[in-house]
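Counted from 1, the sequence shown has number 311 at position 308 by my numbering; the numbering is strictly sequential.
I have placed the structure first, in the form of structure tokens, so that the comments after it can refer back to it.
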Amino acid sequence: MIVLEDFQGLVFLPPRQIATLTPFLRGWWRAVTLDGEVLHLPQKPEGPWVPLGESWVWPPALSASEGGWNDRAGFFYPGDSLPPFTSQPEAPPERIWGMRSGGGITLLTDDGAQPSEWTEQEALQRLPQLVQVGRGLWGNRNRFHRLRPVGEKFELILDNGQRLHSLHPEAARQLAQRLGLPDHNRLEPVVPGMRQYKLRDWPEELYNSEAEQLKAWFDDANVLIANCLLQCVRYRRWGIFIEYGDDHRGFWYKPVSSVLYRAGFIDADEVRWVDAEEITRESKDAACLRYRRVVERAVGELKWFRYQDLGFRDPGGRVLGSTRPQLLFLVEKRCLEGYARKLADHFGFTYLISGGATKIVDTEFLVHDLVGRGVQEVEIYSFADFDPEGSALTLGFVPQLEGYGMKVKGEPKMVVHPSCFTDRELRLFALPCPMTSAAAITMAKRWVERTGGIHGQAFGIGSDHLQPIERVIRRLEELGC
């Protein structure tokens with residue numbers, strides 16, 4: 004019995020039901036069954052398959068196509084001829100699918116429940132394929148078909164469609180141990196988010212799929228977005244370089260928005276891109292922003308791939324330090340890039356212009372360059388506004404760096420602080436923090452508790468008010484730069 008995965012959980016199949024095996028993602032393999040079901044497993048199992056290109060196939064399950072062969076899911080396998088194979092005798096069917104004990108032994112079979120004179124020990128000796136799934140209940144491991152989460156429990160389904168038992172998570176883990184499942188066959192997917200986004204291979208490019216086909220395959224916009232992303236990465240790794248967009252905006256227009264529109268998830272008005280700077284109360288739920296959240300989660304939290312794997316171009320906005328590249332100067336506002344350039348010449352540090360919230364794509368390319376210079380740990384000096392948003396920008400930058408394997412030394416040092424200004428400057432330039440929502444009020448309150456605000460109040464001051472540049476130099480020297 005082979006243990007595979009789909010978005011519902013674990014699937015148990017005998018080798019004879021698997022038609023093809025093909026490398027998929029992060030060491031995983033795609034499996035297509037004789038019926039055309041697409042599943043995945045963390046390594047290639049032993050079995051009757053023979054090599055065809057990068058895949059392993061069971062030749063009788065393939066049908067001839069121009070230039071190659073197809074399986075029942077529609078995947079194409081190039082080749083002039085199929086490799087030779089040896090037929091495997093089919094195992095005789097097992098009629099017994101379970102056993103109950105308690106007041107005697109009852110065998111559970113396809114022909115109904117049958118009392119037995121065996122003791123429990125005798126039954127387990129005669130039927131070694133039985134594994135305990137609950138108190139007084141055993142199942143035939145060769146008849147298991149699914150172990151899937153349903154609510155807070157796991158359901159064990161047999162190959163005849165019958166639910167054998169409902170298990171609490173700990174009982175399900177104990178069953179996995181009794182089945183001898185290795186570490187890669189845990190109850191949670193090895194590839195995080197794989198089940199949530201129903202990741203799988205598709206037999207054709209989604210960007211060129213007809214509307215009715217997309218509607219048949221997808222019932223959730225986020226699932227379609229995630230699969231578009233994964234398919235792009237897969238194609239590029241195969242050496243198929245399709246001309247998709249090379250940044251967030253470009254990738255939205257090709258392929259994502261076109262596919263979402265055809266699948267019926269957005270209308271023509273929702274195709275328009277909205278930049279983060281343009282977000283209004285009316286556009287905060289714009290489809291392109293939902294798409295961007297999926298992309299950033301896939302790269303940042305779930306780590307399916309990198310932006311470079313999607314073909315995104317280098318966004319720029321950074322300069323590596325000439326003498327001390329490990330000192331990292333984070334600048335919030337693009338209008339201060341001239342300051343950053345002069346300060347980098349003076350101190351020899353690296354700087355990054357965030358233009359607002361730091362973007363994971365900027366962090367990815369920055370870390371790539373730093374590692375190329377031999378930098379493994381950085382010290383952050385943040386030239387952000389002294390306000391809740393500037394603080395959030397700085398603190399949010401740390402896990403992004405660490406997510407790409409870069410160590411961060413100590414806490415980030417905030418360059419802009421009320422102590423840098425005169426009382427008159429604070430009176431002229433300090434502004435109240437936004438209080439337009441409950442979340443903003445909570446954010447400001449916590450920021451004041453952490454930093455003291457300005458004179459204990461929820462007021463902030465912009466980094467562009469710290470001038471001339473000599474004052475910034477003195478402040479950096481005070482911070483130990």
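Heads up, the beta-carbon is just placed ideally off N, CA and C, and yes, glycines get one too.
query	result
Per DSSP, the bridge partner or partners of N143	L133
Span of the alpha helix (DSSP H), counted from its first residue to its last, around F350	340-350
In chain order, each alpha helix (DSSP H) run of at least 4 residues that lies wholly inside the stretch 247-314	251-254, 260-265, 290-299
Three-state class that DSSP yields for G463 in the structure shown	strand
Limits of the alpha helix (DSSP H) - the one that L369 falls within	363-375
Sub-8 Å separation of G142 and L159 beta-carbons	yes
DSSP three-state assignment for F1, whether helix, strand or coil	For the chain, the structure presents residues 4 to 484; residue 1 sits outside this window and is missing.
Separation of G483 from T326, as counted between CA atoms	16 Å
Top-ranked residue by Cα proximity to L24, from C235, G39, L217	G39
Extent of the continuous beta strand (DSSP E) to which Q117 belongs	115-119
V136 vs F78 beta-carbon contact at 8 Å	no
The stretch 81-92 in contact with the stretch 117-125 per 3-pair CB rule at 8 Å	no
L7 in three-state terms, based on DSSP	strand
DSSP beta-bridge partners of L42	A34
For H148, the three-state DSSP class (helix, strand or coil)	strand
Endpoints, the beta strand (DSSP E) within which F157 is located	156-161
Cβ pair count under 8 Å reaching 3, the stretch 421-440 against the stretch 397-404	no
Bridge partner(s) assigned by DSSP for M446	Looking at the DSSP assignment, M446 forms no beta bridge with any residue, so it has no partner.
Where L232 sits in the DSSP three-state scheme	helix
Buried versus exposed call for W61 [16 or more other C-beta atoms within 10 Å across all chains shown]	buried
Sequence-distant residues of its chain with Cβ nearer than 7 Å to I444 (five each side left out)	M438
Beta-bridge pairing of M102 - partner residues as DSSP gives them	L110, W141
Backbone CA spacing between G319 and A229 [nearest angstrom]	26 Å
8 Å contact criterion, which F10 and K218 should meet: CB distance rounded	Going by Cβ atoms, the distance from F10 to K218 rounds to 18 Å, so no, they are not a contact pair.
Nearest-angstrom beta carbon gap, L150 and A175 [assumed within contact, 8 Å]	7 Å
Inter-residue CB distance, L313 and L232 (contact presumed, cutoff 8 Å)	7 Å
For A67: DSSP bridge partner residues	W72
Bridge partners - Y238, DSSP secondary structure assignment	Y238 pairs with nothing; no bridge assigned.
Per-residue burial, R284 [other beta carbons within 10 Å of its own, 16 or more giving buried]	The predicted model places R284 with a pLDDT of 46, which falls under 50 and marks its position as unreliable, so this point remains unresolved.
Proximity of L65 and L85 at Cβ, strictly below 8 Å	yes
Test item: CB-CB of S466 and A387 under 8 Å	yes
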